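Report on the following structure.
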Amino acid sequence: MPLPESFVGRLSLPVVSAPMFLASTPKMVIANCIEGIIGTFPAANQRTIEGLEQWIVQIKQALADFEQTTGKKAAPFGVNLIVHKSNARMEQDLAMLVKHKVPLVITSLGAISTVVDAIHSYGGVVFHDVVNARHGRKAKGAGVDGLIAVTTGAGGHAGSLHPFALVQELRTFFDKTLLLSGSISTGAEVAAARCLGVDLAYMGTRFLATKECQVSESYKQLVVNSKADDIIYTNAISGIPANFIKQSVTAAGFDLNNLPKPEGFDIGTEMAEAVKDPAQKKPWKDIWSAGQGVSAINNILSISDLAAQLKQEYQTAICGINSINQK
Ligand SMILES: Cc1cc2nc3c(=O)[nH]c(=O)nc-3n(C[C@H](O)[C@H](O)[C@H](O)COP(=O)(O)O)c2cc1C
Numbered sequence: 001m002p003l004p005e006s007f008v009g010r011l012s013l014p015v016v017s018a019p020m021f022l023a024s025t026p027k028m029v030i031a032n033c034i035e036g037i038i039g040t041f042p043a044a045n046q047r048t049i050e051g052l053e054q055w056i057v058q059i060k061q062a063l064a065d066f067e068q069t070t071g072k073k074a075a076p077f078g079v080n081l082i083v084h085k086s087n088a089r090m091e092q093d094l095a096m097l098v099k100h101k102v103p104l105v106i107t108s109l110g111a112i113s114t115v116v117d118a119i120h121s122y123g124g125v126v127f128h129d130v131v132n133a134r135h136g137r138k139a140k141g142a143g144v145d146g147l148i149a150v151t152t153g154a155g156g157h158a159g160s161l162h163p164f165a166l167v168q169e170l171r172t173f174f175d176k177t178l179l180l181s182g183s184i185s186t187g188a189e190v191a192a193a194r195c196l197g198v199d200l201a202y203m204g205t206r207f208l209a210t211k212e213c214q215v216s217e218s219y220k221q222l223v224v225n226s227k228a229d230d231i232i233y234t235n236a237i238s239g240i241p242a243n244f245i246k247q248s249v250t251a252a253g254f255d256l257n258n259l260p261k262p263e264g265f266d267i268g269t270e271m272a273e274a275v276k277d278p279a280q281k282k283p284w285k286d287i288w289s290a291g292q293g294v295s296a297i298n299n300i301l302s303i304s305d306l307a308a309q310l311k312q313e314y315q316t317a318i319c320g321i322n323s324i325n326q327k
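Quick note, the sequence shown lines up with residues 1 to 327 if you use full-length UniProt numbering.
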């Protein structure tokens with residue numbers, strides 16, 4: 001299993017709790033890491049650079065305390081950085097991640113060797129998310145340590161390729177850590193990802209319906225009540241294709257059969273506006289994203305209970321596969 005050296009012996013499950021705009025916080029990250037799941041959050045979830053520093057210090061302190069009091073190892077944590085010209089805070093955020101030697105940095109949109117080199121300078125690990133092999137090759141060229149295959153049905157800005165297809169393509173040229181994103185909501189699906197040759201499952205939507213997640217109760221309940229058919233894949237809301245829960249799209253005043261043409265892609269401004277708490281309905285804040293994996297989510301759990309459930313489902317699935325192999 002090609003995991004980065006610094007991750008070995010720290011995970012209880014091959015799972016990353018993926019970064020989610022406006023949803024992931026230090027509370028979630030800490031709860032995940034002490035369960036042996038890699039916890040992450042987007043840097044953009046903090047409005048200021050000072051706030052970002054406070055969050056990183058808070059997480060590092062909590063995990064150090066956990067390790068000291070229990071004698072156990074916590075999973076590493078990660079911060080997601082949007083590497084795009086519209087992200088005005090990119091350089092400052094990067095400097096902060098380097099200053100505090102954040103163990104894992106997940107880059108989105110741009111794979112740039114100077115960013116990768118900066119993270120490598122202190123022994124940090126860089127995973128980069130891609131929706132096709134062309135972007136995967138570019139990220140490999142930039143020196144990333146892992147590729148996240150973002151496939152069809154994923155929450156957030158999803159891809160359109162089937163996971164079997166994208167994983168196989170990426171594996172033809174990439175032998176470092178491979179992650180799979182898209183509709184993974186159960187331990188059996190984590191096992192399925194491992195069977196495909198994936199090293200780590202990258203799960204977002206399942207973690208929306210957790211007690212620690214900071215989205216509203218109505219959002220969590222809608223995730224629980226929704227099925228795959230309730231998800232719409234459109235570029236009308238965020239400029240590039242993303243999955244949203246239809247009910248929240250209509251509640252924001254959109255006609256599902258007559259969605260507007262996208263106004264262009266400016267993720268930095270979009271994120272900055274959404275965290276400002278404006279009166280106007282905004283993507284992510286009022287128009288709620290989730291992936292097709294909502295189908296498998298029937299309850300809101302604490303992260304500790306979810307981790308126990310995922311481990312049990314994972315073991316059951318792995319044992320089932322082994323028993324078939326023995327016949
Ligand atoms: C509400 C929401 C917000 C997201 N925000 C981000 C983000 O800020 N940065 C990012 O790289 N991915 C973001 N994602 C994508 C996730 O990191 C991950 O790729 C995806 O949720 C995995 O698919 P799944 O939701 O089907 O498990 C978001 C996903 C959701 C559901």
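Beta carbons: idealized from backbone N, C-alpha and C, even for Gly. Predicted model only: the values in this text are computed from it and were never measured.
Hey, how far is the Cα of residue i from the Cα of residue j?
i	j	result
K60	E50	16 Å
L259	D229	17 Å
A74	A142	29 Å
G156	S304	24 Å
S121	Q312	38 Å
A95	L81	11 Å
K138	I119	18 Å
L3	F66	23 Å
I56	F77	9 Å
S302	G204	15 Å
L161	L22	26 Å
F174	Q292	27 Å
V167	L196	7 Å
A111	K85	12 Å
T250	S218	15 Å
G124	F254	43 Å
A317	M90	41 Å
Reducing DSSP to helix, strand and coil, say where residue i ends up.
i	result
H84	coil
D129	strand
M20	coil
Y202	strand
T152	coil
P283	strand
T210	strand
I184	coil
R10	coil
K140	helix
G320	helix
Q46	coil
K311	helix
Taking the continuous beta strand (DSSP E) assigned at residue i, which residues delimit it?
i	result
V245	It is worth fixing the name first, because residue 245 is Ile in this sequence and not Val. First-last of the beta strand (DSSP E) with I245: 242-245.
Y122	Unbroken run through Y122: none, as it is neither H nor E.
P4	It is not in any beta strand (DSSP E) - P4 carries neither H nor E in the DSSP assignment.
L104	104-108
Tell me, which residues are paired with residue i by DSSP?
i	result
G146	F127, T177
F77	G39
S289	F244
I232	F244
L166	Its beta-bridge partners do not exist; DSSP assigns none.
L301	T210
V15	A201
What is the residue span of the alpha helix (DSSP H) that residue i lies within?
i	result
P26	26-34
T69	49-70
S218	217-225
Q92	90-99
E189	187-195
Under 8 Å: do the region 6-23 and the region 174-190 share three or more Cβ pairs, one atom per stretch? yes
Does the count of Cβ pairs from the region 38-52 and the region 239-254 closer than 8 Å reach three? no
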